[in-house]
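Below is one structure, written out as structure tokens; comments come after it.
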Amino acid sequence: MVLHLLSLVVSAGPVLAGRGRPHLDASLGFNVLRTDQDTLLRGVSLSWDGGDPYGSLAKQVPSQAALNALATEYGLNTVHLYLEGDSSGNTNAPGINAADCDLLVQRTEEAGLYLIITIGCNGENGTIHSMPWSLDFWRVYAPRYKDRPHVLYEAHNEPVRFTLDSWRNSDWDKQLLLYNTIRSLAPDTFILLGSFMGFAGDPTYGANYLRTRGVSWLNAGFAHHGYESRSSIESAITRLKANTSFPALLCTEFWPGDTAGQGYNSMYESHFNGWMQFQWLGARTSDLVDFRSKITAAGTLWTPDSVACNWPARGAVGLPANGSRVGIFSRGGAKFLGVDPTTGGRIKADRVGYSGAQLDSFSIEHAGPRRVRIRSGDGRFVRASGPADPLSTSVLPPGVVEEFEWFSLHDGDFALRAYGGGGHLVSVNPSTGLLRADADNSHVAAIAFRAATSAGEAAPTLSGIPFRTVPAALPGTLQAEDFDRGGEGVAYHDNTGANTGGRYRTGEGVDIESCAEGGFNLGFIEAGEWTEYTVEVTGPAGEYLLSARVATPNTGGAFRVESNGVNLTGRLSVPNTGGWQSWVNLTKTVVLGRGVQVLRFVREAGADFNLNWFSFSQGGGVETQLLGVGNGFGVFGSAFGFEVVGRNGGTFIVEACPDLAVPVWSPVSTNTLVAGRHEFRDLIATNETARFYRLRRP
Ligand SMILES: [Ca+2]
Ligand SMILES: [Ca+2]
Ligand SMILES: [Ca+2]
6 MVLHLLSLVV SAGPVLAGRG RPHLDASLGF NVLRTDQDTL LRGVSLSWDG
56 GDPYGSLAKQ VPSQAALNAL ATEYGLNTVH LYLEGDSSGN TNAPGINAAD
106 CDLLVQRTEE AGLYLIITIG CNGENGTIHS MPWSLDFWRV YAPRYKDRPH
156 VLYEAHNEPV RFTLDSWRNS DWDKQLLLYN TIRSLAPDTF ILLGSFMGFA
206 GDPTYGANYL RTRGVSWLNA GFAHHGYESR SSIESAITRL KANTSFPALL
256 CTEFWPGDTA GQGYNSMYES HFNGWMQFQW LGARTSDLVD FRSKITAAGT
306 LWTPDSVACN WPARGAVGLP ANGSRVGIFS RGGAKFLGVD PTTGGRIKAD
356 RVGYSGAQLD SFSIEHAGPR RVRIRSGDGR FVRASGPADP LSTSVLPPGV
406 VEEFEWFSLH DGDFALRAYG GGGHLVSVNP STGLLRADAD NSHVAAIAFR
456 AATSAGEAAP TLSGIPFRTV PAALPGTLQA EDFDRGGEGV AYHDNTGANT
506 GGRYRTGEGV DIESCAEGGF NLGFIEAGEW TEYTVEVTGP AGEYLLSARV
556 ATPNTGGAFR VESNGVNLTG RLSVPNTGGW QSWVNLTKTV VLGRGVQVLR
606 FVREAGADFN LNWFSFSQGG GVETQLLGVG NGFGVFGSAF GFEVVGRNGG
656 TFIVEACPDL AVPVWSPVST NTLVAGRHEF RDLIATNETA RFYRLRRP
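Residues in the sequence shown are numbered from 6 upward in steps of one, following our numbering.
In structure tokens, the structure reads:
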């Protein structure tokens, strides 16, 4: 009954119009497909074939603003398009979408995006339904965009069922025919072959089969899909990392639930394998907000191509000047880094300050656009010799294992990806203080470092910095243990200096323990302690239903929640739930403004309890109760009326219309709710045979 009004966010800002052709990078010993900025291709999908994803969706051409936002707000650089469908159900000759595709080619170019064009299957995946149709498709489209450097061609979606084990020479021959047809008509366009439904098994046979029959992997590669276990996919990817005679890889489809669930985006990043999220690029901004929250939850990190973008890292890379000498503070270890000569030069976060001496100072040397070498004050290079091995220093002449990708985080911190450490992000093990390249699905604090430029500098603090870099979006769920960064007195107050539970954020004072429901919860919460959460209310201002997940064997616990210092809830009493891990939801309707704000959870005097999470949902504030004629709902003389049960503070409008088929809504009343029930009467006399009512927010 309550309608939520959609708000459109239009983004402006500098974009990279007109991208150059992608190219191969062989510097890591295998072929990596990179953009003209040496980044990986990363994008979302758009389906015009009527069959993907997840059933039939109407074709739509994204607006210029929506495409710009992909680059400037979502850190992406590619759109992956199922342009038309090769299927028994498609009776159209190839070319039916040409005019719309022309527009999309133009708009993606203006937005500074790449566009990958492929043939969809209208859901009939795992086969080439018609080779003549597919070849005709490329006869139409291959020459049409051959001179557009930002356009790539992917020969055919999922041409063979299941994994590489199902491929026969006849299937590879079809790839060869598609390749030769496209190549003859578009000599310079990058071509993706394969598009394996599940990337498991041995891809080297097909790679060699095609290479020996004329496919040049210098301007072509394999596309693959992620419908396999992570270990199978990594095994297949690793086979093609053996040497540079094998094709570069691009994942063009996988289930978005695997972003956080199996860490697929992070896994592809660690292999320098670009990815196209099978996240529908629809008309709705909410799809992309959803994409962003999944990536944030997975801890996936990359540098956006657009300097205007601030997520998931800053687009302006901001490398320190070549040769800068700095101290490096670790957020996860809450200490500065130093070289430990007694353990073969291992790097440890164990220094309380930056002295500027040889063993705690490091120079940052440029090795590429986002690539650095880090040299300790005694002249040795920091290296990662393998995944999970402690980082150490070496006198060897520097090579790839002494190089790191540099990420400038949104708040001035930085993070590092170790080329020598399996491509993983560098984290600090909080219990040993040792640095390792083992973090893909980690939280920001463990991978964040800050450069200190002057000896004697104190540990740098952060204020009001959301745990996952960007404010958590509400409506949504807020894990209690994901309180802001910044430490004691800034992001929280805890009475004991250490994390008594010893889990999750061991460098912080807040007490965190493992939760029987999965993840972690706050425990040992004492009266007067508080934690803060920087959030962004992306829904409309107004009433939200706050649920707090609490557990305690005690009676008499209490807390409140504030926003920017304003008490939202009053004192909320926590009932005895039956145990420290017997969880229940405590609910309260609260009024939130729109936009970024700092929520504070404050433990009040009373008994102890545990806290797992908060959630905020819309629609909790207004509900109708149909109470029957004579008791609030129905005809009253010449009037019609009903009652609404509401809570404090919400404004809503009652409207009426005579015909839902042609709805023209006219106002009946506008009301601000106070606690309790409200009765509305529609006093308009009409000759209508029916009259419909709705409530909406203004
Ligand atoms: Ca504590
Ligand atoms: Ca505590
Ligand atoms: Ca939790």
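Where is the CB? At the ideal position from N, CA and C, for every residue including glycine.
A quick note: this is a predicted structure, and the numbers were derived from the prediction, not measured.
Cutoff 6 Å; reference T398; Cβ partners in own chain excluding five residues on either side:
The sequence position of residue 398 within the sequence shown is 393, counting from 1. Same-chain partners within the cutoff: V344, G350, S381, R385 and V387.
Give a yes or no on contact between the region 155-174 and the region 197-210, applying the rule of three or more CB pairs nearer than 8 Å.
yes
Got a sec? Which residues, its chain only, sit under 7 Å from I504 by beta carbon, not counting five neighbours each side?
On the sequence shown, residue 504 is found 499 positions in, with the first residue counted as 1. Before going further, note that residue 504 is Asn rather than Ile in the sequence given. Closer than 7 Å at the Cβ level, and outside the excluded window around N504, lie R510, T511, E513, G514, V515, D516 and I517.
Taking the DSSP output, what are the residues bridged to D30?
Counting from one through the sequence shown, the residue named residue 30 turns up at place 25. Beta-bridge pairing links D30 to V37.
Identify the residues that DSSP records as bridge partners of T123: which are they?
Position 118 of the sequence shown, counting from 1, holds the residue named residue 123. Bridge partners of T123: Y87 and E159.
Considering only heavy atoms of ligand 2, does any lie closer than 7 Å to the CB of D613?
As a first step, residue 613 is located in the sequence shown; it is residue number 608 there, counting from the start. Every heavy atom of ligand 2 is 7 Å or more from the Cβ of D613, so no.
Between the C-alpha atoms of S459 and P465, what's the straight-line distance to the nearest angstrom?
Start at 1 with the first residue of the sequence shown, and residue 459 comes out as number 454. Start at 1 with the first residue of the sequence shown, and residue 465 comes out as number 460. Going by the C-alpha atoms only, they are around 12 Å apart.
Are three or more beta carbon pairs between the region 404-418 and the region 292-303 nearer than 8 Å?
no
Taking a contact to mean a Cβ-Cβ separation below 8 Å, would you say L479 touches A546 in this structure?
Here residue 479 corresponds to residue number 474 of the sequence shown, with the count starting at 1. Here residue 546 corresponds to residue number 541 of the sequence shown, with the count starting at 1. No.
If I measure Cβ to Cβ from A610 and keep anything under 6 Å in the same chain, skipping five residues before and after, which residues do I get?
For the purposes of this step, residue 610 is taken as residue 605 along the sequence shown, with counting starting at 1. For A610, where only same-chain residues beyond five positions count, the Cβ hits under 6 Å are A532.
Any heavy atom of ligand 1 within less than 7 Å of residue CB: hits in chain order:
D499, N500, T501, G502, A503, N504, T505, G514, V515, D516 and F529
Taking 7 Å as the cut-off, is the beta-carbon of E609 closer than that to any non-hydrogen atom of ligand 2?
Within the sequence shown, residue 609 is the residue found at index 604, counting from 1. Result no, Cβ not under 7 Å from ligand 2.
Which stretch, first to last residue, makes up the beta strand (DSSP E) that contains N615?
The count along the sequence shown starts at 1 and reaches residue 615 at position 610. Taken as a continuous stretch (DSSP letters only), the beta strand (DSSP E) holding N615 covers N615 to Q623.
Residues of its chain near V165, where Cβ-Cβ distance is below 6 Å and the 5 sequence neighbours each way are ignored:
If you number the sequence shown from 1, residue 165 lands on position 160. Hits under 6 Å: S171, W172 and D176.
Between which residues of its own chain and G323 is the CB-CB distance below 7 Å, once the five residues before and five after are set aside?
Within the sequence shown, residue 323 is the residue found at index 318, counting from 1. Around G323: S413.
Endpoints, alpha helix (DSSP H) assigned at Y210
Position 205 of the sequence shown, counted from the start, is the residue given in the question as residue 210. Y210 -> alpha helix (DSSP H) spans T209 to T217.
Q284 (DSSP reduced to helix, strand or coil):
Along the sequence shown, one-based indexing puts residue 284 at 279. Q284 falls in the strand class under three-state DSSP.
Does D263 come out as helix, strand or coil in the three-state DSSP assignment?
Here residue 263 refers to the residue found at position 258 when the sequence shown is read from its first residue. In this structure, D263 counts as helix in the three-state DSSP scheme.
Got a sec, what are the start and stop residues for the alpha helix (DSSP H) L181 sits in?
Translated into the one-based positions of the sequence shown, residue 181 becomes position 176. N174 to L190 is the span of the alpha helix (DSSP H), which, as asked, contains L181.
Should G506 be labelled buried (16 or more other beta-carbon atoms within 10 Å of its own) or exposed?
Taking the first residue of the sequence shown as 1, we reach residue 506 at position 501. Buried, since its Cβ has 16 or more Cβ neighbours within 10 Å.
Hey, out of N82, Q586 and T574, whose CA is closest to L72's CA?
For the purposes of this step, residue 72 is taken as the residue at position 67 of the sequence shown. It is N82 whose Cα lies nearest to the Cα of L72.
Taking the alpha-carbon positions, what's the V405 to A463 distance?
As a working mapping, residue 405 is identified with position 400 in the sequence shown. As a working mapping, residue 463 is identified with position 458 in the sequence shown. Their Cα atoms are separated by approximately 33 Å.
Anything with a beta carbon under 7 Å from a heavy atom of ligand 3 counts; list them all in chain order.
Q484, A485, E486, C520, G524, F525, N526, N617 and W618
Do N559 and A485 have their beta-carbon atoms positioned less than 8 Å apart in this structure?
Walking along the sequence shown from the start, residue 485 turns up at place 480. Walking along the sequence shown from the start, residue 559 turns up at place 554. No.
Between the region 370-381 and the region 314-331, can you find at least three pairs of beta-carbon atoms closer than 8 Å?
yes
Nearest-angstrom Cα distance between P672 and R701?
Position 667 of the sequence shown, counted from the start, is the residue given in the question as residue 672. Position 696 of the sequence shown, counted from the start, is the residue given in the question as residue 701. Answer to the nearest angstrom: the Cα atoms are 11 Å apart.
Taking A303 as the reference, give the member of E233, Y146 and P317 with the closest Cα.
Indexing the sequence shown from 1 puts residue 303 at position 298. With distances taken between Cα atoms, A303 lies closest to P317.
For the beta strand (DSSP E) containing C256, name the first residue and the last one.
Counting from one through the sequence shown, the residue named residue 256 turns up at place 251. Per DSSP, C256 belongs to the beta strand (DSSP E) from A253 to E258.
Where does Q111 sit, in a helix, a strand or coil, going by DSSP?
Here residue 111 refers to the residue found at position 106 when the sequence shown is read from its first residue. DSSP places Q111 in helix when its eight states are reduced to three.
Excluding sequence positions up to five away, which residues of its chain have a Cβ less than 6 Å from the Cβ of S622?
Position 617 of the sequence shown, counted from the first residue, corresponds to residue 622. P480 and L550.
Just reading off the beta strand (DSSP E) that R605 is part of, what are its end residues?
Locating residue 605 in the sequence shown gives position 600, where the first residue counts as 1. Unbroken beta strand (DSSP E) run through R605: G600 to R608.
Looking at ligand 2, does it come within less than 7 Å of E537, judged from the CB to the closest heavy atom?
For the purposes of this step, residue 537 is identified with residue 532 of the sequence shown, where counting begins at 1. False, no ligand heavy atom lies under 7 Å from that Cβ.
Run through DSSP, which three-state label would D383 get?
Residue mapping note: residue 383 aligns to position 378 of the sequence shown, counting from 1. Here D383 sits in coil by DSSP.
To the nearest angstrom, how far is it from the Cα of L757 to the Cα of E522?
A question about residue 757 goes unanswered here, because the residues of the chain that appear run from 6 up to 703.
When you compare only the Cα positions, how much space is there between R422 and A442?
Translated into positions along the sequence shown, residue 422 becomes position 417. Translated into positions along the sequence shown, residue 442 becomes position 437. Going from the Cα of R422 to the Cα of A442 covers about 7 Å.
Can you give me the start and stop residues for the alpha helix (DSSP H) that F142 sits inside?
Walking along the sequence shown from the start, residue 142 turns up at place 137. Unbroken alpha helix (DSSP H) run through F142: M136 to R149.
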